[in-house]
Structures are given as structure tokens and as C-alpha cells.
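Have a look at the structure below before the remarks.
Residue numbers (my numbering): 1443 to 1977.
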């Protein structure tokens, strides 16, 4: 196979092609004319342990002419087509962001915004307390979390954080509109879309204790039906420390991002964040969330809430400058029970670290600052080293192809880009680029893992609307979870042989929720990464 970024390459970007097996030379062919426009030499072969493949590489960075091309070896084997242009990632960035609109709950998705993927309003009765089923609380709105229709605070906080970080660091890439109902209101559409989720999150704060409910969902996952026909009772599960701390962090961050856009909304978020912190102060030791008996929807359980509290303290200190939050940060700095570099829903310490490193230096504690910076850059260096050893240049070791591996690839690319912001290093960016190339086609399966893009896109994601709407193509802009060596669903167990190499443990099958589901918190770091490379 000849593997390329199936979406394309920027005119002045580094451009690498991967060959499986041995190749001597390669030609880049202009599709329009059929002429060879570049000839290059391939490198020596390298063994990729995660796939079992032998691979080598070609560099065609010197080709800078706009056009549509493919790469050929001996005129016998051709790559997928790709483009070279000024902004090859503009469309996919916008689609990755527009995917959040398609995940909206509680409203009708009108055809003028949703095209073929329109549907009626859904889940307008959200929801009833699980522990007091006669008590109704308005929990309408927000985004469906993944391929199902549940709504969960913990992954929601990660998703909105990624999107707000993308806007904070690369606002110039979000000037164009993406055709959502709020488009044209004078606010960037990324902030319009994030607000839809933040407004729902605000509804999930209990008004007396100020703790935050963990989630709302049906007792069991629904079948493959459209959201408007998912009419079973949906229950709000109890308050958790992780949900409350994640909420506090996201709301304090929202205050910072929205205060110049809508001061009243920003103030409401900050007030809610500080009240959530009061709950955390009143509940310093709490058990991790587990599903109550009879609840079988997504759990998002986490027994260690130290990273969530750390993140909340940093965002609140950055928003208010209050000493009590800084005192907590200083204490947490010495706590080694949680990672301070994670960007997954269960390990959010990285958000706290990068936010602290963005505070004005004279408002930080030098010891805390230097330690956090060192930890963050050490992790970036570790990711660089993993990528350099892997044949497909992905920053995953052979034992790291677990559920949502593509989301983790994007988390790691985001980490590398942020590391470059605090300590400029071209190696960080080149490694992040390899991660982006990986999900867009430079992988062992020649698969573009984003629906609607590339020559070989994911066509059958585990996504209920896409599986039930009778539209041929899935909702565009959804990042599939990707290879999972554990094969944690019946379809994967039945169709992926047990001895399949980790990097190939994937099937594009609607039934394979452990390899081919989608999730808002996998799309969100992909938006961040696409935004960086779309600049």
C-alpha cells in the first residue's frame, strides 16, 4: 500500500508518504495531466511492531504546486488521491466542529442547517431524578455524548475545554461560519456551539448544595433508533465530585473565554463555578461515581478526583486571582497520586497544568510553575520518542491501542502543540503533524477515520442517527474511535481474529462500538489539532 494524508497537504508543509514493504523510488502524478511532477527516493525499511508491517518513507515536501495528485511506484501501485493547497484542512476542521451541532439534543435539526441529516426535536422531557422519580428537573439541551443519546458532565467538560482552548489559541481559524442556527449573530460559531453545551451543564447543578449531577440517560442504551423516537424515561443520576470539579473548571474557563462576548453569561458561569467549589470544599473525600443498580448507560467512573479538583482550582485562580485557589494549587503540586499531564476524560490534570502555565508569570508560584512546565515538556518528549520508534509515526505504543485510541492520538497531538506554545520546538509540531496524518490515512489500514473525508472514509460508525436515518452516508465530520486490541464488543470479537496486530484491530461496522463508535470528546481534540494546522 501507499499511504498518504487523504485530505491533503499545505503548500509549504512537510509532506511524507509511507510505503508498506520495500520501495526504491516513487513518482508523484498530477491527476489533471497524468504527468509525473516529482520523483523521489524511499528510505530503508523499518519494522512497525504495532501492525507487523515493514514500512519505508518518501519525502515530497519540495512539491508546492496547487493541484490534485497521487503517488505511484513503478506505475503499478497507486496511492489515494490528495490535494496540495493553501488551506487543505479548512473543510475538515469545520466539519469536525459542525459535528457537535449534529449531536444537539432537545431541538429540531432543520434541513437548512442539517442537510440530509435533519430530524425532529428529541428528549424534551429530560429528566427525572433517579433517586426520586417523581421529581422533574429541566435538563434539556446539550449534546448527545457519543453513539448513544446519554448526556454526561465528565466528558462534556473535556469537550468544551478542548474547543475553548482551540478558540483561545487560534481564533483566526474560526472566523468563517458553519451554518448553524446562531450563525451571523456576531459571535464566532465555535463559541455559539460550545454555549449550547454550557447552558445544559448549568442546568445540571443542584440549586441547594451546588453539587453537579453526574449524568442523564435512559436506564439502558436504546436500540438503533432516531433520537426523537427514543422516548423512554431519562434519569438524572446523583451528584459526583468528578462532575462537580469538571463543571467548576469548565465554567471558570468559560468565564474567561466569554466575558468579552457576553458579560452576563460569563458572570453566571463564574458564580456557578465558585459555588461548585464550595461543594468540593464541603466534600473533600468522596467515593468515585458508579452506576446505581439498574442503570446500564455510560458510567464515566473515576475513583481519583484529585486531577479534577486541581484543574478546577487552576481555572478558578486564573479567573478570580483568589488566594484560596492558589493555596490549593500549591498543595496539589506535591500530590503524586494523579497525573498532571493527562488530557483524557478520566485524567484532566493536563488542562490544569497548561492553564497555570498561561497565567502571568508574576502571579504564579515559581516552584509550581517550573515543576509543571518540566512535567508537561517531559511528557511531550516522551510522545516524540514513541512516535519516532513507530513505523506509522503514531505516538502510541503497541500496547496502547485501547478503546478510543484515535481520540488519544488527538489528545497527544494537542499536548504536543501546546508544548510548542510554551517552549517552541519544531519537533513537537512535526510529531503532532504525524498524528494528524495518521487519522487521515497514514495508518496500517489505509483508513481515513473521519466520516465524509478522504478516499477511504469511515462509512458505518456506531452512531445511532447515522445508523437509523436511512441516509446512505453517515453524518460527516465524526472521528471514529479506532483500533482496539481488546476487541470489546461481539462484532469485533467475531470479525477481528484474536491474533490481529493492535494497529489493525478495527472494523468499519455499525455494531462495533469498541472500535467504531464516535464521541464528542474524541472530536474535540481533533478540532483543536485541525485548527492549528489550518492557520
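In this text, a Cβ means the ideal position worked out from N, Cα and C, and glycines have one as well.
Owing to the predicted nature of the structure, the values given are computational and were not obtained by experimental measurement.
Residue nearest to residue 1597 within the set 1656, 1635, 1633 is 1656 (criterion: CA-CA distance). For residue 1615, there is no enclosing beta strand (DSSP E), as DSSP gives it neither H nor E.
For residue 1876, same chain residues with a beta-carbon under 6 Å away, outside a window of 5 residues either side, are 1829, 1835 in chain order. Judged by DSSP in its simplified three-state form, residue 1877 adopts helix. Residue 1783 places its beta carbon less than 9 Å from that of residue 1857. For residue 1571, the secondary structure class from DSSP, reduced to helix, strand or coil, is strand. Between the stretch 1474 to 1481 and the stretch 1506 to 1514, the count of Cβ pairs shorter than 8 Å is three or higher; the stretches touch. Less than 9 Å divides the Cβ of residue 1458 from the Cβ of residue 1879.
Rounded to whole angstroms, residue 1846 and residue 1939 show a C-alpha spacing of 19 Å.
About 12 Å separates the beta carbon of residue 1893 from that of residue 1913, a gap too long to meet the 8 Å contact definition. Per the Cβ contact rule, the stretch 1586 to 1606 is in contact with the stretch 1647 to 1664 (3 or more Cβ pairs under 8 Å).
Assignment of residue 1902 by DSSP, reduced to helix, strand and coil, places it in the coil class.
Setting aside the 5 residues that flank it on each side, residue 1721 is surrounded in the same chain by 1651, 1652, 1653, 1686, each with a C-beta closer than 7 Å to its C-beta; the list follows chain order.
Going by C-alpha positions, residue 1558 is about 9 Å away from residue 1552. Listed as beta-bridge partners of residue 1445 by DSSP are 1460.
Considering only 1827, 1735, 1866, 1730, the residue with the shortest C-alpha distance to residue 1742 is 1730. For residue 1936, the enclosing alpha helix (DSSP H) starts and ends at 1932 to 1937. Here residue 1927 is buried: its Cβ has 16 or more other Cβ atoms, across all protein chains shown, within 10 Å.
Per DSSP, the unbroken beta strand (DSSP E) holding residue 1483 starts and ends at 1478 to 1483. Put simply, of 1677, 1487, 1615 the residue whose alpha carbon is nearest the alpha carbon of residue 1576 is 1677. If you draw a straight line from the Cα of residue 1447 to the Cα of residue 1732, it is about 41 Å long. The DSSP-derived three-state label of residue 1961 is strand. Contact between the stretch 1704 to 1715 and the stretch 1744 to 1752 is not established, with fewer than three Cβ pairs separated by less than 8 Å.
Between residue 1581 and residue 1646, the gap from beta carbon to beta carbon is short of 9 Å. Cβ neighbours of residue 1691 within its own chain (closer than 6 Å, five residues either side excluded): 1753, 1754, 1757. Per DSSP, the unbroken alpha helix (DSSP H) holding residue 1699 starts and ends at 1683 to 1700. For residue 1658, DSSP records a beta bridge to 1593, 1678. The three-state reading of DSSP puts residue 1886 in coil, since its state is none of H, G, I, E or B. Where residue 1705 is concerned, the enclosing alpha helix (DSSP H) starts and stops at 1705 to 1724. Collapsing the DSSP output to three states places residue 1600 in a helix. Following the DSSP letters along the chain, one finds residue 1525 inside the beta strand (DSSP E) bounded by residues 1524 to 1527. Secondary structure of residue 1741 (DSSP, three-state): coil. The beta strand (DSSP E) runs of length 3 or more contained entirely in the stretch 1494 to 1518 are, from start to end of the chain, 1496 to 1501, 1509 to 1515. For residue 1533, the uninterrupted alpha helix (DSSP H) segment begins and ends at 1532 to 1544. A residue is called buried once 16 or more other Cβ atoms fall within 10 Å of its Cβ, and residue 1485, having fewer, is exposed.
With a cutoff of 9 Å on beta-carbon distance, residue 1521 and residue 1514 are scored as near each other.
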